[in-house]
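Encoded as structure tokens, the structure appears first; notes follow it.
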Amino acid sequence: MTQMKKACVIGSPISHSLSPRLHSYWIKKTNIKGSYGAREILPEQLQAGVKSLINEGFEGFNITIPHKETLLPLLDAVDDVAKHIGAVNTVVIRNAKTYGTNTDAFGFIENIKIHTPDYFSKITNPIILGAGGAARAVVKALSDAGARSIDVVVRDTKKAESLGSITGNLNIHAWDSLPILLSQASLLVNTTPIGMQGKESVTIDLSGLSKEALVTDIVYNPLMTPLLQTASQRGNKVIDGLGMLIFQAIPGFESWFGKRPEIDLPELQQLKQILASV
Ligand code: NAP
């Protein structure tokens, strides 16, 4: 008899996570004997919480706020991608040992590729707004995808300096440099919480941006952020951030449950509808 395979997402708070809905959809669709839940683990319980998942026979887990960085040194092994980014979002458990990786860079790239398959053959001067945890994954993704010069725009340039450990092809700029940088960019990525439901609203002036440039926001609540609305209205192609969340989940699902979910554009649209209707 096949044994029930279990995985989950850990974090605090955790009730907002869309991962259980996404993985449960794939478990059902691929006819797997498995389950994926959510477990609230407080920062001071992290080590004990992971031990408990190992003892309970979990195949692995995803990690969300606030454990992505703090879990890294507690794992038995961590791959180079996670080391470069400085955070883990996916752990596989094998023979009671924990193996960590970070699939956010993969998720970011795949979300662009599915909408614009040839984009990375002509990538020039991408601009990233923000320099937090997600920005580190996007820098890694763009650098691996061949970007020779990446411009990071932040409100505190000092705080962004650590991003230089990911790639040498990085220039850090203050927020007021954005209008000048926009004219050279083929991609603008927002990784700040600007535009997120319940957060402050900051208007980003896109007037210098080429109409050919792609604009993507990794914030996905709302799906069409004010930045994406403005960009779309002026004729830029826009890509929302929910696809990144969906794609980053694929490697974990495959490792834990043994089947790789395949996604084409209609399937992506369906998944977005399922997740956005929460
Ligand atoms: P984080 O580590 O807190 O970093 C946020 C960054 O945004 C920091 O550089 C911060 O600057 C900057 N920032 C915040 N408010 C700003 C403002 N008003 N003006 C200019 N810069 C501002 O957060 P994170 O983990 O990177 O996550 C960022 C967003 O991405 C969240 O909304 C998260 O939900 C989303 N996300 C989405 C995905 C996905 O799969 N789509 C994956 C990961 C994250 P300071 O350091 O100066 O505060």
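Residue numbers (our numbering): 2 to 279. From the three backbone atoms N, C-alpha and C, an ideal C-beta is built for every residue, glycine too. Treat the numbers as computed from the prediction; the structure is a model and nothing was measured.
- A direct Cα-to-Cα measurement between E45 and T71 gives close to 11 Å.
- Relative to the Cα of E213, the nearest Cα in the group P227, S53, S187 belongs to S187.
- Taking 7 Å as the cut-off, the beta carbon of V220 is found no closer than this to the beta carbon of G199.
- The three-state reading of DSSP puts S20 in helix, counting H, G and I together.
- Nearest to I115 by alpha-carbon distance, out of Q270, Q274, S278, is Q270.
- Between G133 and K30, the alpha-carbon positions lie close to 35 Å from each other.
- The C-beta distance from T158 to I173 rounds to 5 Å, short enough to fall under 8 Å.
- Here the stretch 79-94 makes contact with the stretch 56-65; the two share three or more CB pairs at distances below 8 Å.
- Between K69 and I167, the alpha-carbon positions lie close to 17 Å from each other.
- Rounded to whole angstroms, the separation of the alpha carbons of R261 and W27 is 9 Å.
- When DSSP assignments are scanned along the stretch 88-158, the uninterrupted stretches of alpha helix (DSSP H) that are 4 or more residues long and fall wholly within it turn out to be 105-116, 134-145.
- Any heavy atom of the ligand NAP within less than 6 Å of a residue's beta carbon puts that residue on the list, which reads D105, G108, G131, A132, G133, G134, A135, A136, V155, R156, D157, K160, T192, T193, P194, I195, M197, E201, V203, I219, V220, Y221, G242, M245, L246, Q249.
- Residue burial is scored here from C-beta neighbours: N112 has at least 16 other C-beta atoms within 10 angstroms and is therefore classed as buried.
- A direct Cα-to-Cα measurement between P252 and L182 gives close to 35 Å.
- With 16 or more other Cβ atoms from the protein chains shown falling within 10 Å of its own Cβ, I110 counts as buried.
- The C-alpha of N56 is placed about 10 Å away from the C-alpha of G50.
- Under the rule that a run must span 3 or more residues, the beta strand (DSSP E) segments found entirely inside the stretch 19-49 read 35-41.
- Between G196 and L228, the C-beta spacing is below 7 Å.
- Taking 7 Å as the cut-off, the Cβ atoms of A106 and K160 do not count as close.
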